[in-house]
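Peer 1: Mapping of the sequence shown onto numbering that gives the first Met the number 0: position 184 corresponds to residue 183, and the numbering continues sequentially without gaps.
C-beta atoms are modelled at their ideal positions from N, C-alpha and C, and glycine is treated no differently.
First, the structure itself, so that you have it in front of you.
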Amino acid sequence: MHLEGFPRPLTLRDGTALTVRPVKAGDQPALLAFYREMPREDRLFLKDDVTTESWADRFIRRIERSEALSLVAETGGQIVAEATLYRPQHGWSVHVGELRVAVAPSHRRKGLATALAGMLVKLATDQGADKIVVEVVENQVPALRIFTRLGFQREAVLRGHVKDIGGARRDLLILSNDVSHIWAAMEALVADSSPEVH
Ligand SMILES: CC(C)(COP(=O)(O)OP(=O)(O)OC[C@H]1O[C@@H](n2cnc3c(N)ncnc32)[C@H](O)[C@@H]1OP(=O)(O)O)[C@@H](O)C(=O)NCCC(=O)NCCS
């Protein structure tokens, strides 16, 4: 899909140069390579089994139907991060977007997740969303930190909703934020610590 302003170069805190672009049809093999490389315990923090071809095909179809907007960060033709905003096209929650983000271990702690989340929040705002939610498992400390720093607050807890790698049941936290608040927090963060976005 075409998105105004993309592909876009992104330089991380340590100088790593990446390109950020929207996911398109034909990206299935690159997405699967990215997710299959990710440690299993990290993938279990994602709702879907992102290692199967059927997931990749369904995901691309959702993008083509505008039910999802996904950005990838690439270097040397390889995907190193993926962030998605899910947007229902019908019904009483058309104003709500759901965000998720995943970064390859080699590119973590450089502000990449924060930068991609910021870009998606901006795109969501441009497209009329006024509330963003994110689902985080209770022990998912990095994600909790990132989204709390972005101004998200705990709105609901679904008890024992997720089974972890050892079969233990974990609480699922629903964090949410009004876009007006999150955008103010983003601007402060971008000024402080996030990677340079050209
Ligand atoms: C969560 C995840 C996306 C973070 O990606 P990232 O690019 O490393 O995140 P950022 O560099 O933007 O981190 C921003 C802040 O989050 C916090 N953070 C990130 N990783 C952390 C960790 N392992 N431990 C503690 N805090 C962490 C820090 O406060 C960090 O800022 P700092 O580096 O200036 O201290 C990545 O670890 C990942 O893909 N995990 C597996 C999938 C997942 O959990 N996705 C979230 C579901 S929505």
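What residue range is occupied by the uninterrupted alpha helix (DSSP H) comprising Ala32?
Peer 2: In the sequence shown, counting from the first residue as 1, residue 32 sits at position 33. Element bounds for Ala32: Gln27 to Glu36.
Peer 1: Among Arg153, Leu149, Arg148 and Leu172, whose alpha-carbon lies nearest the alpha-carbon of Gly159?
Peer 2: Position 160 of the sequence shown, counting from 1, holds the residue named residue 159. Ranking the options by Cα distance to Gly159, first place goes to Leu172.
Peer 1: What are the boundary residues of the alpha helix (DSSP H) that includes Gly96?
Peer 2: Residue mapping note: residue 96 aligns to position 97 of the sequence shown, counting from 1. Gly96 -> not in any alpha helix (DSSP H); beta strand (DSSP E) instead, spanning Val95 to Val102.
Peer 1: Can you find at least 3 beta carbon pairs, one from the region 22-33 and one from the region 77-93, that sit closer than 8 Å?
Peer 2: Cβ pair count under 8 Å is three or more, so yes.
Peer 1: DSSP state of Val140, grouped into three classes?
Peer 2: Working through the sequence shown from its first residue, we reach residue 140 at position 141. DSSP places Val140 in helix when its eight states are reduced to three.
Peer 1: Going by the DSSP bridge assignment, what does Ser69 pair with across the sheet?
Peer 2: Taking the sequence shown and counting its residues from 1, one reaches residue 69 at position 70. The partner list for Ser69 (beta bridge, DSSP) reads Thr83.
Peer 1: For the alpha helix (DSSP H) that contains Val22, what are its first and last residues?
Peer 2: The residue labelled residue 22 in the question sits at position 23 within the sequence shown. Element bounds for Val22: n/a, residue is neither H nor E.
Peer 1: What's the call for Ile164, buried or exposed, on a 16-neighbour Cβ count within 10 Å?
Peer 2: The residue labelled residue 164 in the question sits at position 165 within the sequence shown. So Ile164 counts as exposed.
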